[in-house]
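Inspection log for the structure reproduced underneath, given as structure tokens.
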Amino acid sequence: MIKEIRAKTILNHVKQPDTYFGLKYNMNLYRGCQHQCIYCDSRSECYQIKNFADIHVKVNAVDLLAAALPRKRVRGTIGFGSMNDPYMPVERKYELCRRSLEVIARHQFPVHIITKSDLVLRDIELLEEINQVYAAVSFTITAADDTLSKQIEPGAPPSSARFAAMHALADAGIHTGVTMMPILPFISDTEENITHLVELAYRSGASYILPWFGMTLRAGSRDWYFDQLDIRFPGLRDKYVLQFGDRYECDSPNWRKLDEVFQKRVSRYGIQTRMPIFTPEKVSKPGQQMRMF
Ligand code: SF4
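Under this note's numbering, read the sequence shown as residues 56 to 348, first letter to last.
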């Protein structure tokens, strides 16, 4: 079900310094997500989103953003996509991302997008314009192989489409790379997957890969995940219960070896394991030169 709603606010301050992506603000233009990844943390009870498959479209989001940005005294990176994928299929119709990027370009703010969709290429010209300040697009890719990515991220474009989109963005000079997480214990935590994924990222122009060899599970997301395991990977539920119990952080039992393989590959290819981030600065008054990072 797709439902149009009106939000009260859209741009949130990121309170703790964000060492991963350097975000100062973030926003969620939608509620719920059509990508339906089996491991999705946004399904956790703590977020209180009932019926995660129902999509709520914040139809006044762009107006709220246009009103909020001129009041910001600090120019810092705006993040898209913490609780859902901003380029899920519904974005084709509503274009909330595209219209938000137009506002952001007008106000010369930096942006970071995290997505699993090649639909981001629709907005490449806007991203090039924003990149005169700073624009980065991180693709979450957890499985090098399309068959496996379709099993664990059934509503998202396959990994090959994400790599192709990354290639186009890299060619356009936009910062791009991979958030290689979660890596699912007993499913995608193989040396072959990690090696292949790093090679494909290298060939696709990734300048960084942010790795984590494990996943999180908690009330809400755990039940959904286990039900999906029963459907797609029969027998694995028991292995998880035995290995992790009720634990929140579930590292792959193989993580040390995977990290060794990963580090060897990325250093061979000159890929960074941190992304270049924009340093927040005061918004300059008219006539003042803006300091780039
Ligand atoms: S794309 Fe992200 S938010 Fe959407 S279902 Fe997958 S993990 Fe959840």
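Every residue gets a Cβ at the ideal spot worked out from N, C-alpha and C, and that includes glycine.
task = State buried or exposed for Asp-173, treating a residue as buried only when at least 16 other CB atoms are found within 10 Å of its CB.
result = In this structure Asp-173 is buried. Its beta-carbon is surrounded by 16 or more other beta-carbon atoms within 10 angstroms.
request  = Name, in chain order, the residues that DSSP records as bridge partners for Ala-190.
outcome  = Paired residues: Val-166.
ask   = Mind checking Cys-92: buried by the 16 CB within 10 Å criterion, or exposed?
value = The residue in question, Cys-92, is buried, as its Cβ has 16 or more Cβ neighbours within 10 Å.
request  = Compute the minimum distance between the beta carbon of Met-138 and the heavy atoms of the ligand SF4, and state whether it is under 8 Å.
outcome  = Yes, the Cβ of Met-138 comes within 8 Å of a heavy atom of the ligand SF4.
task = List the whole-angstrom C-beta distance separating Gln-89 from Gly-275, where the pair is believed to meet the contact cut-off of C-beta under 8 Å.
result = Contact doesn't hold; Cβ gap of about 18 Å is too wide.
query = What are the boundary residues of the beta strand (DSSP E) that Met-235 is part of?
reply = Segment 230 to 235, the beta strand (DSSP E) holding Met-235.
Distance, Val-114 Cα to Tyr-85 Cα = The straight-line gap separating the alpha-carbon atoms of Tyr-85 and Val-114 is approximately 9 Å.
message = Quick check: what's the CA-CA separation for Gln-344 versus Phe-164?
response = At Gln-344, the pLDDT of 46 sits below 50, so the modelled position is not reliable and the matter cannot be decided from this model.
message = Any heavy atom of the ligand SF4 closer than 8 Å to the beta-carbon of Ser-97?
response = Yes, the ligand SF4 has a heavy atom inside 8 Å of this Cβ.
message = Could you tell me the alpha carbon to alpha carbon distance between Leu-313 and Phe-218, rounded to whole angstroms?
response = Rounded to whole angstroms, Leu-313 to Phe-218 spans 21 Å at the Cα level.
task = Report whether the distance from the Cβ of Met-143 to the nearest heavy atom of the ligand SF4 is below 8 Å.
result = Flag set: Cβ of Met-143 near the ligand SF4.
request  = Using three-state DSSP, classify Val-352 as helix, strand or coil.
outcome  = No information on residue 352 is available, as it lies outside the stretch 56 to 348 that the chain covers here.
task = Label Cys-101 either buried or exposed according to how many other C-beta atoms from any shown protein chain fall within 10 Å of its C-beta, with 16 as the threshold for buried.
result = Burial call: exposed.
ask   = For the region 264 to 273 against the region 301 to 317, are there 3 or more C-beta pairs whose distance is under 8 Å?
value = Verdict: yes, contact present.
ask   = Can we count Thr-41 as close to the ligand SF4, meaning its CB is less than 8 Å from some heavy atom?
value = Examination of residue 41 is not possible in this model, given that the chain is present from 56 through 348 alone.
Beta-bridge partners of Asp-178, as assigned by DSSP = For Asp-178, DSSP assigns no beta-bridge partner whatsoever.
query = Taking buried to mean at least 16 other C-beta atoms within 10 Å of its own C-beta, is Val-117 buried or exposed?
reply = Answer is buried; the Cβ neighbour count reaches 16.
message = Please list the terminal residues of the continuous alpha helix (DSSP H) segment that includes Glu-247.
response = Taken as a continuous stretch (DSSP letters only), the alpha helix (DSSP H) holding Glu-247 covers 246 to 258.
query = Mind checking whether the beta-carbon of Tyr-102 lies closer than 8 Å to any heavy atom of the ligand SF4?
reply = It does not: the Cβ of Tyr-102 is nowhere closer than 8 Å to a heavy atom of the ligand SF4.
message = Could you check if Ala-62 belongs to the surroundings of the ligand SF4, using beta carbon to heavy atom distance under 8 Å?
response = Because no heavy atom of the ligand SF4 lies under 8 Å away, the Cβ of Ala-62 does not count as near it: no.
request  = Could you tell me whether any non-hydrogen atom of the ligand SF4 is closer than 8 Å to the CB of Gly-77?
outcome  = Incorrect: Gly-77 has no Cβ contact closer than 8 Å to the ligand SF4.
request  = Look at Ile-326 and Gly-232 and say whether their C-beta atoms are less than 9 Å apart.
outcome  = Yes; because the gap between Cβ atoms is below 9 Å, this pair is in contact.
Local conformation of Cys-305 per DSSP, three classes = Residue state, collapsed to three classes: strand.
CA-to-CA distance, Pro-125 to Thr-334, given in whole angstroms = Their Cα atoms are separated by approximately 19 Å.
task = Can you give me the Cβ contacts of Met-347 inside the same chain, cut-off strictly under 6 Å, excluding the 5 residues immediately before and after it?
result = In this prediction, Met-347 has a pLDDT of 43, which is less than 50 and means its spatial position is unreliable; what the coordinates show is noted afterwards. Short of 6 Å from the beta carbon of Met-347, and not among the five residues preceding or following it, lies no beta carbon of its own chain.
message = On the DSSP letters alone, give me the boundaries of the alpha helix (DSSP H) that Met-221 sits inside.
response = Looking at the DSSP string, the run of the alpha helix (DSSP H) that includes Met-221 is 214 to 226.
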